[in-house]
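S.K.: There's a structure below that I have some questions on.
As C-alpha coordinates, this is what we get:
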(Lines of atoms letter the chains of each structure in order from A and count residues from 1; the text may use other names and numbers.)
(Lines give C-alpha, C1' and ligand atoms only; values in the text may rest on other atoms or scores of the structure.)
Protein backbone atom coordinates (compact mmCIF):
# COMPACT_ATOMS: atom_id res chain seq x y z
CA UNK A 1 0.00 0.00 0.00
CA UNK A 2 1.12 3.52 -0.82
CA UNK A 3 0.96 6.62 1.37
CA UNK A 4 1.58 10.21 0.37
CA UNK A 5 2.94 12.51 3.08
CA UNK A 6 3.17 16.30 3.17
CA UNK A 7 5.86 18.37 4.95
CA UNK A 8 5.38 21.19 7.44
CA UNK A 9 7.18 24.42 8.29
CA UNK A 10 10.95 24.30 7.87
CA UNK A 11 10.98 22.61 4.45
CA UNK A 12 10.89 25.91 2.52
CA UNK A 13 13.64 27.21 0.23
CA UNK A 14 13.92 30.18 -2.14
CA UNK A 15 13.07 29.07 -5.69
CA UNK A 16 10.49 26.50 -4.56
CA UNK A 17 7.72 25.99 -7.12
CA UNK A 18 9.32 28.13 -9.87
CA UNK A 19 9.71 25.16 -12.25
CA UNK A 20 6.05 24.23 -11.63
CA UNK A 21 4.91 27.76 -12.43
CA UNK A 22 6.96 27.98 -15.60
CA UNK A 23 6.41 24.43 -16.81
CA UNK A 24 2.74 23.65 -16.18
CA UNK A 25 -0.30 25.73 -17.19
CA UNK A 26 -2.53 24.28 -14.43
CA UNK A 27 0.13 25.04 -11.80
CA UNK A 28 0.55 28.62 -13.10
CA UNK A 29 -3.22 29.22 -12.91
CA UNK A 30 -3.32 27.95 -9.30
CA UNK A 31 -0.33 30.06 -8.22
CA UNK A 32 -1.91 33.15 -9.83
CA UNK A 33 -5.19 32.40 -8.06
CA UNK A 34 -3.26 32.07 -4.76
CA UNK A 35 -1.75 35.55 -5.24
CA UNK A 36 -5.30 36.90 -5.62
CA UNK A 37 -6.66 35.06 -2.56
CA UNK A 38 -3.75 36.11 -0.33
CA UNK A 39 -3.73 39.72 -1.55
CA UNK A 40 0.03 39.75 -2.19
CA UNK A 41 2.35 38.08 -4.70
CA UNK A 42 3.58 35.14 -2.67
CA UNK A 43 5.11 33.77 -5.88
CA UNK A 44 7.62 36.67 -5.93
CA UNK A 45 8.83 35.70 -2.43
CA UNK A 46 8.81 31.96 -3.18
CA UNK A 47 10.68 32.21 -6.47
CA UNK A 48 13.09 35.09 -5.85
CA UNK A 49 12.71 36.48 -2.31
CA UNK A 50 15.24 36.37 0.53
CA UNK A 51 15.47 33.61 3.15
CA UNK A 52 14.30 36.13 5.76
CA UNK A 53 11.17 37.04 3.76
CA UNK A 54 10.34 33.37 3.22
CA UNK A 55 10.86 32.58 6.91
CA UNK A 56 7.99 34.78 8.09
CA UNK A 57 5.27 32.42 9.36
CA UNK A 58 2.57 34.24 7.36
CA UNK A 59 4.58 33.52 4.17
CA UNK A 60 6.18 30.16 5.01
CA UNK A 61 2.98 28.25 5.75
CA UNK A 62 1.02 29.23 2.61
CA UNK A 63 4.20 28.77 0.50
CA UNK A 64 4.75 25.17 1.62
CA UNK A 65 1.04 24.41 1.32
CA UNK A 66 0.96 25.79 -2.24
CA UNK A 67 4.07 23.90 -3.34
CA UNK A 68 2.74 20.58 -1.98
CA UNK A 69 -0.88 20.88 -3.13
CA UNK A 70 -0.12 22.21 -6.61
CA UNK A 71 2.48 19.47 -7.06
CA UNK A 72 -0.11 16.82 -6.10
CA UNK A 73 -2.61 18.34 -8.55
CA UNK A 74 -0.11 18.28 -11.44
CA UNK A 75 0.44 14.55 -10.83
CA UNK A 76 -3.08 13.98 -12.19
CA UNK A 77 -4.17 10.34 -12.35
CA UNK A 78 -0.81 9.12 -11.00
CA UNK A 79 -1.72 10.60 -7.59
CA UNK A 80 -3.46 7.55 -6.12
CA UNK A 81 -2.78 7.26 -2.40
CA UNK A 82 -4.20 4.50 -0.22
CA UNK A 83 -3.81 6.96 2.67
CA UNK A 84 -2.30 10.39 3.38
CA UNK A 85 -0.80 12.31 6.30
CA UNK A 86 0.91 15.64 6.85
CA UNK A 87 3.30 16.94 9.49
CA UNK A 88 1.66 19.87 11.35
CA UNK A 89 0.89 22.42 8.59
CA UNK A 90 1.24 19.52 6.10
CA UNK A 91 -2.05 18.08 7.40
CA UNK A 92 -3.87 20.89 5.54
CA UNK A 93 -2.03 19.96 2.32
CA UNK A 94 -2.95 16.28 2.85
CA UNK A 95 -6.63 17.14 3.37
CA UNK A 96 -6.83 19.24 0.19
CA UNK A 97 -4.93 16.62 -1.84
CA UNK A 98 -7.40 13.96 -0.62
CA UNK A 99 -10.40 16.13 -1.54
CA UNK A 100 -11.60 16.86 2.02
CA UNK A 101 -11.69 20.59 1.21
CA UNK A 102 -11.15 22.80 -1.81
CA UNK A 103 -7.84 24.39 -2.82
CA UNK A 104 -9.28 27.88 -2.13
CA UNK A 105 -10.66 26.98 1.32
CA UNK A 106 -7.45 25.19 2.28
CA UNK A 107 -5.32 28.19 1.34
CA UNK A 108 -7.58 30.62 3.23
CA UNK A 109 -7.42 28.44 6.37
CA UNK A 110 -3.63 28.06 6.14
CA UNK A 111 -3.24 31.82 5.76
CA UNK A 112 -5.53 32.46 8.76
CA UNK A 113 -3.68 29.80 10.77
CA UNK A 114 -0.29 31.37 9.99
CA UNK A 115 -1.45 34.87 10.96
CA UNK A 116 -3.14 33.62 14.14
CA UNK A 117 0.02 31.74 15.16
CA UNK A 118 2.17 34.79 14.42
CA UNK A 119 -0.12 36.91 16.61
CA UNK A 120 -0.06 34.32 19.43
CA UNK A 121 3.77 34.35 19.32
CA UNK A 122 3.76 38.11 19.87
CA UNK A 123 1.55 37.95 22.99
CA UNK A 124 4.13 36.19 25.14
CA UNK A 125 7.74 35.20 24.33
CA UNK A 126 8.15 31.42 23.98
CA UNK A 127 10.32 28.99 22.06
CA UNK A 128 11.09 25.37 21.09
CA UNK A 129 14.06 22.98 21.33
CA UNK A 130 14.97 19.72 19.59
CA UNK A 131 16.03 16.94 21.95
CA UNK A 132 18.18 14.31 20.25
CA UNK A 133 19.18 10.90 21.56
CA UNK A 134 16.78 10.25 24.43
CA UNK A 135 13.73 8.03 24.76
CA UNK A 136 10.40 9.85 24.54
CA UNK A 137 9.43 8.77 28.08
CA UNK A 138 12.53 10.44 29.57
CA UNK A 139 11.76 13.73 27.79
CA UNK A 140 8.09 13.57 28.82
CA UNK A 141 9.08 13.02 32.47
CA UNK A 142 11.43 16.01 32.52
CA UNK A 143 8.75 18.23 30.92
CA UNK A 144 6.37 17.29 33.74
CA UNK A 145 8.97 18.14 36.42
CA UNK A 146 9.38 21.75 35.26
CA UNK A 147 7.15 24.35 36.91
CA UNK A 148 7.10 26.58 33.82
CA UNK A 149 5.04 25.50 30.76
CA UNK A 150 7.08 22.91 28.80
CA UNK A 151 5.43 20.20 26.68
CA UNK A 152 6.38 17.64 24.03
CA UNK A 153 5.47 19.31 20.70
CA UNK A 154 6.71 17.12 17.82
CA UNK A 155 7.36 13.37 18.10
CA UNK A 156 9.44 13.33 14.91
CA UNK A 157 11.10 9.90 15.04
CA UNK A 158 12.61 7.65 17.73
CA UNK A 159 15.30 9.69 19.51
CA UNK A 160 14.07 13.04 18.20
CA UNK A 161 11.44 14.94 20.14
CA UNK A 162 10.87 18.70 19.91
CA UNK A 163 9.66 20.44 23.07
CA UNK A 164 7.76 23.73 23.33
CA UNK A 165 7.34 26.22 26.15
CA UNK A 166 8.37 29.41 27.92
CA UNK A 167 11.93 30.61 27.33
CA UNK A 168 12.94 29.99 30.97
CA UNK A 169 11.22 26.59 30.93
CA UNK A 170 12.95 25.47 27.72
CA UNK A 171 16.35 26.61 29.07
CA UNK A 172 15.78 24.59 32.25
CA UNK A 173 14.54 21.55 30.29
CA UNK A 174 17.55 21.64 27.94
CA UNK A 175 19.94 21.70 30.93
CA UNK A 176 18.14 18.80 32.65
CA UNK A 177 17.89 16.72 29.47
CA UNK A 178 21.58 17.23 28.72
CA UNK A 179 22.31 15.90 32.24
CA UNK A 180 20.07 12.89 31.44
CA UNK A 181 22.29 12.08 28.44
CA UNK A 182 20.71 13.86 25.46
CA UNK A 183 23.19 13.96 22.55
CA UNK A 184 21.88 17.43 21.75
CA UNK A 185 19.38 19.85 23.27
CA UNK A 186 19.18 22.49 20.58
CA UNK A 187 17.05 25.63 20.83
CA UNK A 188 15.32 26.32 17.52
CA UNK A 189 15.14 29.68 15.79
CA UNK A 190 11.35 29.86 15.75
CA UNK A 191 9.04 32.74 16.58
CA UNK A 192 7.23 30.90 19.38
CA UNK A 193 6.11 27.70 21.08
CA UNK A 194 4.04 25.93 18.44
CA UNK A 195 1.88 22.96 19.51
CA UNK A 196 1.72 24.13 23.12
CA UNK A 197 -0.70 26.03 25.40
CA UNK A 198 0.94 29.24 24.13
CA UNK A 199 -1.03 28.73 20.89
CA UNK A 200 -4.42 28.87 22.66
CA UNK A 201 -5.30 32.34 21.26
CA UNK A 202 -4.57 31.01 17.74
CA UNK A 203 -6.60 27.85 18.37
CA UNK A 204 -9.63 29.87 19.43
CA UNK A 205 -9.34 32.10 16.36
CA UNK A 206 -8.86 29.20 13.95
CA UNK A 207 -11.72 27.17 15.45
CA UNK A 208 -14.37 29.56 14.12
CA UNK A 209 -12.74 29.68 10.66
CA UNK A 210 -12.61 25.86 10.46
CA UNK A 211 -16.21 25.59 11.68
CA UNK A 212 -17.32 27.92 8.86
CA UNK A 213 -15.49 25.88 6.18
CA UNK A 214 -17.13 23.07 4.23
CA UNK A 215 -15.35 19.72 4.65
CA UNK A 216 -16.16 16.60 2.61
CA UNK A 217 -15.31 12.94 3.12
CA UNK A 218 -11.75 12.47 1.82
CA UNK A 219 -11.02 10.09 -1.07
CA UNK A 220 -8.82 8.00 1.27
CA UNK A 221 -8.15 7.86 5.04
CA UNK A 222 -6.24 10.83 6.48
CA UNK A 223 -3.98 10.03 9.44
CA UNK A 224 -4.18 13.08 11.70
CA UNK A 225 -1.42 14.39 13.99
CA UNK A 226 -3.50 14.56 17.16
CA UNK A 227 -4.83 10.99 17.12
CA UNK A 228 -2.19 9.24 14.95
CA UNK A 229 -4.82 7.10 13.25
CA UNK A 230 -7.04 7.03 10.16
CA UNK A 231 -9.93 9.50 10.05
CA UNK A 232 -12.56 9.92 7.31
CA UNK A 233 -15.47 11.62 9.10
CA UNK A 234 -15.52 15.37 8.20
CA UNK A 235 -16.68 16.46 11.68
CA UNK A 236 -13.91 14.48 13.37
CA UNK A 237 -11.37 15.87 10.88
CA UNK A 238 -12.39 19.43 11.80
CA UNK A 239 -12.21 18.73 15.54
CA UNK A 240 -8.70 17.23 15.23
CA UNK A 241 -7.54 20.10 13.04
CA UNK A 242 -8.55 22.65 15.69
CA UNK A 243 -6.95 20.61 18.50
CA UNK A 244 -3.69 20.30 16.52
CA UNK A 245 -2.57 23.86 17.28
CA UNK A 246 -2.11 23.26 21.00
CA UNK A 247 -1.54 19.48 20.92
CA UNK A 248 1.53 17.38 20.08
CA UNK A 249 2.32 16.31 16.51
CA UNK A 250 2.44 12.54 16.94
CA UNK A 251 4.42 11.85 13.77
CA UNK A 252 6.38 8.80 15.02
CA UNK A 253 3.11 7.22 16.17
CA UNK A 254 1.39 8.14 12.88
CA UNK A 255 4.10 6.53 10.73
CA UNK A 256 4.08 3.38 12.88
CA UNK A 257 0.29 3.15 12.65
CA UNK A 258 0.31 3.57 8.85
CA UNK A 259 2.88 0.80 8.57
CA UNK A 260 0.80 -1.41 10.90
CA UNK A 261 -2.18 -0.71 8.62
CA UNK A 262 -0.30 -2.00 5.57
CA UNK A 263 1.79 0.83 4.09
CA UNK A 264 5.11 -0.27 2.61
CA UNK A 265 5.83 2.82 0.48
CA UNK A 266 5.83 6.52 1.46
CA UNK A 267 6.08 9.37 -1.07
CA UNK A 268 6.77 12.88 0.23
CA UNK A 269 5.05 15.59 -1.82
CA UNK A 270 6.53 19.06 -1.43
CA UNK A 271 9.81 20.88 -0.82
CA UNK A 272 12.75 19.04 0.71
CA UNK A 273 13.08 15.51 2.04
CA UNK A 274 12.62 15.99 5.80
CA UNK A 275 9.82 13.45 6.19
CA UNK A 276 11.63 10.78 4.18
CA UNK A 277 14.52 11.05 6.65
CA UNK A 278 12.21 10.82 9.68
CA UNK A 279 10.34 7.82 8.23
CA UNK A 280 13.62 5.97 7.53
CA UNK A 281 14.71 6.59 11.13
CA UNK A 282 11.38 5.19 12.32
CA UNK A 283 11.38 2.08 10.12
CA UNK A 284 14.20 1.14 7.75
CA UNK A 285 12.22 -1.56 5.94
CA UNK A 286 9.75 0.74 4.13
CA UNK A 287 10.39 2.42 0.80
CA UNK A 288 10.59 6.22 0.73
CA UNK A 289 10.67 8.60 -2.23
CA UNK A 290 9.91 12.23 -2.93
CA UNK A 291 8.18 14.44 -5.47
CA UNK A 292 9.46 18.00 -5.26
CA UNK A 293 9.39 19.06 -8.90
CA UNK A 294 7.62 18.30 -12.19
CA UNK A 295 8.13 14.67 -13.13
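In the working numbering, the protein residues as written are 37 to 331.
Every residue, glycine too, gets a C-beta built ideally from N, C-alpha and C.
1) Whole-angstrom Cβ separation of residue 256 and residue 118, contact assumed at under 8 Å?
2) Starting from the Cα of residue 90, find the closest Cα among 65, 284, 49 and give me that residue.
3) Rank 224, 183, 161 by C-alpha distance to the C-alpha of residue 208 and give the top, closest one.
4) Just how far apart, CA to CA, sit residue 200 and residue 73?
5) Going by the DSSP bridge assignment, what does residue 121 pair with across the sheet?
6) Here's the rule: buried if 16 or more other CB atoms are within 10 angstroms of the residue's CB, otherwise exposed. What is residue 160?
7) Quick one: grab the DSSP three-state call for residue 129.
8) Considering only DSSP beta bridges, list what residue 193 is partnered with.
9) Got a sec? Which residues, its chain only, sit under 6 Å from residue 301 by beta carbon, not counting five neighbours each side?
10) Nearest-angstrom Cα distance between residue 153 and residue 230?
11) DSSP on residue 268, reduced to helix/strand/coil?
12) Entirely within the stretch 171-242 and at least 4 residues each: give me those alpha helix (DSSP H) ranges in chain order.
13) Using a 10 Å radius around the Cβ and a threshold of 16 neighbouring Cβ atoms, would you call residue 286 buried or exposed?
14) Report yes or no: do three or more beta-carbon pairs, one from the stretch 136-150 and one from the stretch 51-64, lie closer than 8 Å?
15) Quick test of your reading: residue 42 and residue 306, contact by CB under 8 Å. State the CB separation rounded to the nearest angstrom.
16) To the nearest angstrom, how far is it from the Cα of residue 221 to the Cα of residue 277?
17) Spatial neighbours of residue 46 within its chain, please: C-beta separation below 7 Å, excluding the five flanking residues on both sides.
18) Report all residues from its chain with a CB closer than 7 Å to the CB of residue 298; omit the five preceding and five following residues, and keep chain order.
19) Does the stretch 127-142 come close enough to the stretch 97-115 that 3 or more CB-CB pairs lie under 8 Å?
20) Is residue 82 helix, strand or coil when you go by DSSP?
21) So the alpha helix (DSSP H) residue 323 belongs to, where does it begin and stop?
22) Would you call the CB atoms of residue 290 and residue 327 closer than 9 Å?
23) Compare the Cα-Cα distances from residue 157 to each of 260, 94, 274 and report the closest residue.
24) Taking residue 239 as the reference, which of 279, 57, 185, 296 has the closest Cα?
25) Is it the case that the CB of residue 287 approaches a heavy atom of the ligand FMN more closely than 8 Å?
26) What first and last residue would you give for the beta strand (DSSP E) that runs through residue 160?
27) Please return the same chain residues whose Cβ sits closer than 8 Å to the Cβ of residue 181, not counting the five positions on each side in sequence.
M.R.: Here's the rundown:
1) Indeed they touch by this definition, with Cβ atoms about 6 Å apart.
2) For the residues 65, 284, 49, the minimum Cα distance to residue 90 belongs to 49.
3) Checking every option, the nearest Cα to that of residue 208 belongs to 183.
4) Looking at the two C-alpha atoms, the distance is approximately 32 Å.
5) According to DSSP, residue pairing for residue 121 in a beta bridge involves 41, 259.
6) Under this definition residue 160 is an exposed residue.
7) It is helical.
8) Paired residue(s): 196.
9) Here the set comprises 38, 323.
10) Each residue's Cα considered, the two are about 8 Å apart.
11) Residue state, collapsed to three classes: coil.
12) Correct list: 172-181, 203-215.
13) Its Cβ being crowded by 16 or more others within 10 Å, residue 286 is buried.
14) No contact exists between the stretch 136-150 and the stretch 51-64.
15) The Cβ separation is near 6 Å, so the contact holds.
16) Cα-Cα distance, rounded: 29 Å.
17) Here the set comprises 310.
18) Taken in chain order, the residues that qualify are 37.
19) A contact between stretches requires three or more CB pairs, one per stretch, nearer than 8 Å, and the stretch 97-115 meets this requirement with the stretch 127-142.
20) Three-state result, residue 82: helix.
21) The continuous stretches of alpha helix (DSSP H) do not include residue 323, which lies in the beta strand (DSSP E) extending over residues 323-327.
22) For the 9 Å CB-CB criterion, residue 290 and residue 327 do not form a contact.
23) Answer by Cα proximity: 94.
24) Of 279, 57, 185, 296, the smallest CA-CA separation from residue 239 is found for 279.
25) The model depicted lacks the ligand FMN and carries no ligand whatsoever.
26) Neither: residue 160 is in no beta strand (DSSP E) and is coded neither H nor E.
27) Contacts found: 212.
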